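Order-wise, the sequence lines are chains A and B.
Each residue of the first sequence is one higher than the one before, counting from 2 in this note's numbering.
Each residue of the second sequence is one higher than the one before, counting from 4 in this note's numbering.
To start, the structure itself, in structure tokens.
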Amino acid sequence: MNDGNLEQLEDLLRELPLRRPSPELDRRVEATWQARSSRPNRWTVGAAVATLAATAAGLLLILTWDPAENRVGDRPAPVVAGVEKPPAPAPPEKSPPQPIRIEKVWTTQSTAGVVVHDGDVPMQRVHQQIVRHVRWIDEQNHVNIEWTIPSDQTVLVPLEYN
Amino acid sequence: MQQDLERIYREHRQGLFSLALSITRCPDLAEDAVHDAMARLWRSSVEPTGDRVAYVFASVRNAALEVGRRRSRSHATQLGTSVFDPHGPDPAESVVEAERRQLARRAVDALPTDQRQVVVLRLHVGLTFQQIADTFGEPLQTVASRYRRALKRIKDSIEKQV
């Protein structure tokens, strides 16, 4: 087969019109891209969970930190979540002691299976239990008020498999 | 990658579909393959290092091969569809010319799948041999030889029937 014949044959083949895809293909592709863009992928879900966990840990640390234990002359005590420390004795001051508020939050989180609704994206069930304990102490008036608020919720987190 | 993907899809939509059709021989399955590949690429976090056009064509080719493997009986009636436009010959062209085109169409459709893909990618999509080699993941010389064998086969087929 010489080059002349080859070029003629290539020209002939190039002129053959191709079968066209249906307009439905564009609609499907664009719809999928749009849906994927608006849905968090597994990395963003992971980042969100990590951020949430870090925020909860930070919150727990802040709420359980008692500034009284860092005063000069006080013996520093370890901060243990879930164990309430007695309020530090007020320093000898001329002004009357102000009421203090102590709040503690315990959070536990566990997975509770995967659910799929009508063939949609699988969703991970995450069970969260939160216990919030708040205590007000007014030493001047000898008033001690405390309350505990338990809460329980299940959230669905979309799963992405690549 | 997502911006590039949109651009490549817009520019090569016809070629991507034709490549998939040359493998699946079924328009519905070809569209499924293109759609699947676009969805996967959209959510992929992999940044291709080589030619991105070839990368997208390679993804569609893999998807078409995969779709072809799990083709269902429901598509059996559509299998064997030509990659070329099914509409009749141009009224302006001569009978001889129309016959020659018809023979060329049949000869391309009768090629082995790998040869048909190379012909479509080279002549109808306009990819370079290097891009086709990247799409196939094969050496450039292998792809070029396959192309020449395909043309010879088409030429022999046409001459045999004229």
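Beta carbons are placed, not taken as given, at the ideal position from N, Cα and C, and that holds for glycine.
Since the model is a prediction, treat every value here as computed from it, not as a measurement.
According to the neighbour-count rule (16 or more other Cβ atoms, all chains shown, within 10 Å of its Cβ), is Asp-75(A) buried or exposed?
Note on Asp-75(A): pLDDT 48, under 50, position unreliable in the model; the coordinate value appears next. Exposure of Asp-75(A) is indicated by the presence of fewer than 16 other C-beta atoms within 10 angstroms of its C-beta.
Among Leu-106(B), Trp-45(B), Ser-25(B), whose alpha-carbon lies nearest the alpha-carbon of Val-165(B)?
Leu-106(B)
Quick one: residues in its chain with C-beta nearer than 8 Å to the C-beta of Arg-151(B), no 5 flanking neighbours on either side, listed in chain order?
none
Measure the beta-carbon distance from Leu-7(A) to Leu-154(B) and round it to whole angstroms, keeping in mind my assumption that it falls under 8 Å.
6 Å
In three-state terms, what does DSSP make of Arg-73(B)?
coil
Tell me where the beta strand (DSSP E) around Leu-157(A) begins and ends.
144-159
Pick out whichever of Glu-34(B), His-15(B), Arg-13(B) has its Cα sitting closest to the Cα of Ala-23(B).
Glu-34(B)
Exposed or buried, Ile-135(B), counting other C-beta atoms within 10 Å across all chains shown (16 or more means buried)?
buried
Taking the continuous alpha helix (DSSP H) assigned at Gly-53(B), which residues delimit it?
First-last for Gly-53(B): undefined, no H or E at that position.
Between the Cα of Pro-89(B) and those of Ala-67(B), Cys-29(B), Arg-43(B), spot the shortest distance and give me the residue it belongs to.
Cα-wise, what sits closest to Pro-89(B) is Cys-29(B).
Could you list which residues in chain A have their beta carbon closer than 8 Å to that of Arg-103(B), in chain order?
Within chain A, the residues near Arg-103(B) are Leu-13.
Return the Cβ separation of Ser-152(A) and His-128(A) in integer angstroms, given the expectation that the two are a contact with Cβ distance under 8 Å.
Taking C-beta atoms under 8 Å as the contact rule, Ser-152(A) and His-128(A) fail to qualify, at a distance of about 12 Å.
With a CB to CB cut of under 6 Å and the five nearest residues on each side skipped, what residues in its chain are close to Ala-57(B)?
Gln-134, Asp-137, Thr-138
List the residues of chain B that Asn-145(A) touches, going by C-beta distances under 8 Å, in chain order.
Residues of chain B passing the Cβ test: none, with the nearest at roughly 55 Å.
Does the Cβ of Leu-8(B) have 16 or more other Cβ atoms within 10 Å, making it buried, or fewer, making it exposed?
Leu-8(B) is classed as buried because its beta carbon has at least 16 other beta carbons within 10 Å across all chains shown.
At a CB-CB cut-off below 9 Å, which residues of chain A make contact with Val-146(B)?
Simply none; closest approach about 16 Å.
Please report the distance separating the alpha-carbon of Arg-72(A) from that of Pro-98(A).
Because Arg-72(A) sits at a pLDDT of 48, beneath the cut-off of 50, its placement in the model cannot be relied upon, and the following sentence gives the value as read from the coordinates. Taking the straight line from one Cα to the other gives about 15 Å.
Just the Cα atoms here: how many angstroms apart are Glu-102(B) and Ser-62(B)?
About 36 Å.
Inspect the beta-carbon positions of Leu-32(B) and Val-86(B) and report whether they are closer than 7 Å.
By the CB criterion at 7 Å, Leu-32(B) and Val-86(B) fall outside the cutoff.
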